[in-house]
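In the numbering used here, the protein residues as written are 1276 to 1517.
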C-alpha cells in the first residue's frame, strides 16, 4: 500500500512539473497516471480538487499579470461548458471516458508534432470557441488544458502572463466541476486523504517547474512535452485493449 502511495506521489509530482512547464496544466498528465491507481470517476473527483490548489499556487507564483479580456472571452464560456460536460460525465461508461481521453491525447500531440507551424488566429470567436471546447472536454474527461493552451498561444503572451491567465481560467473550471462531480458522487471519502498530499505536490511541482522554465529553451521542451503526451495517450489506450 505504502509503495503504491509513494509511486503515486512521485508520478503526481512529475505531472505537476510538466504541467507547469508545458502550460497545459497538470491534469493532462495526472489523469492517465491516476487511472492506474483509482477508478475513472474517483480520478475526476480527485483531479478537480487537486487542480484547485495547483492553480492557486500557479497564480501566486506567476503573478506578474493576467489578461482580463482573455479571462472573460475564454474563461466564462469554459466555466459554463465544464458544468455541462461534468453533468453528462456520469452517463458515460468509464472505459469509454478513458478511451476518449487517450484518443484526445494522441490526436492533440500528433497534430502539433507533425504540423509544427499550425496556429490559431487570435480572434474573439476563436477565444470563445476555445473556451467552450476546453471547458466541455474538461468536464467530460477531466482535462481540456491542451485546447486552452493552443488558444492562449495564439496571443503570444509572455510566459508568466500565459501561465497566470491560464491558471485563473482553470481555477474557475475546477471550482465549477468540483461541485458537479461531488453531486455526481465522484468525490469519495476514502480518497480525501490524498488532497493534503496533492496540495504539497502542487506547490513543490510548481516551484520546480518555475525554476526549470528559467533555464530551458521553450521550443525544445514543447517537443518533449508533446512526445510525453503521445506516450501517455498510447499507454492509456493500450491498457484497455491488451
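Each residue gets a CB set at the ideal place from its N, CA and C atoms; glycine is no exception. The structure presented is a predicted model; accordingly, all values stated were derived computationally and were not measured.
Residue i, buried or exposed, once every other Cβ within 10 Å from all chains shown has been counted against 16
i, result
"residue 1348", "buried"
"residue 1335", "exposed"
"residue 1364", "buried"
"residue 1330", "buried"
"residue 1295", "buried"
"residue 1285", "exposed"
"residue 1427", "buried"
"residue 1389", "exposed"
"residue 1458", "exposed"
"residue 1499", "exposed"
"residue 1366", "exposed"
"residue 1400", "exposed"
Close-in-space but distant-in-sequence residues of the same chain around residue i (CB under 7 Å, 5 per side omitted)
i, result
"residue 1416", "1372, 1375, 1376, 1379"
"residue 1387", "1393, 1501"
When the options are compared against residue i, the one with the closest alpha-carbon
i, options, result
"residue 1290", "1367, 1509, 1504, 1397", "1504"
"residue 1332", "1498, 1474, 1506, 1507", "1474"
"residue 1454", "1432, 1288, 1414", "1414"
"residue 1409", "1385, 1352, 1310", "1352"
"residue 1512", "1286, 1400, 1301, 1311", "1311"
"residue 1343", "1485, 1442, 1457", "1442"
"residue 1430", "1293, 1506, 1398", "1398"
"residue 1448", "1436, 1432, 1423, 1287", "1423"
"residue 1486", "1327, 1317, 1434, 1405", "1434"
"residue 1339", "1401, 1432, 1436, 1307", "1436"
"residue 1456", "1308, 1305, 1316, 1418", "1316"
"residue 1508", "1288, 1326, 1385", "1385"
"residue 1305", "1341, 1438, 1288", "1288"
"residue 1368", "1314, 1451, 1293, 1418", "1314"
"residue 1361", "1494, 1326, 1341, 1451", "1451"
"residue 1432", "1506, 1370, 1341", "1341"
"residue 1381", "1307, 1325, 1405", "1307"
"residue 1292", "1438, 1510, 1412", "1438"
Close-in-space but distant-in-sequence residues of the same chain around residue i (CB under 6 Å, 5 per side omitted)
i, result
"residue 1345", "1440"
"residue 1478", "1332"
"residue 1445", "1300, 1330"
"residue 1391", "none"
"residue 1407", "1352, 1356"
"residue 1481", "1295, 1332, 1333, 1336"
"residue 1328", "1474, 1477"
"residue 1309", "1318"
"residue 1418", "1302, 1303, 1306"
"residue 1483", "1292"
"residue 1510", "none"
Distance cut-off 7 Å: residue i Cβ against heavy atoms of the ligand MG
i, result
"residue 1285", "Among the components modelled here there is no ligand, and therefore nothing to report on the ligand MG."
Own chain residues within Cβ distance below 8 Å of residue i, not counting five before or after
i, result
"residue 1403", "1348, 1349, 1352"
"residue 1411", "1356, 1357, 1359, 1360, 1419"
Validate contact between the region 1356–1367 and the region 1486–1501 using beta carbons, cut 8 Å, 3 pairs
At 8 Å Cβ cutoff, the stretches do not touch.
- [ ] Tell me, please, whether the region 1278–1290 touches the region 1462–1478 by the rule of three or more beta-carbon pairs shorter than 8 Å.
- [x] Result yes; three or more Cβ-Cβ pairs closer than 8 Å.
Handout entry: the region 1312–1329 in contact with the region 1454–1467 per 3-pair CB rule at 8 Å
Key = Segments in contact, yes.
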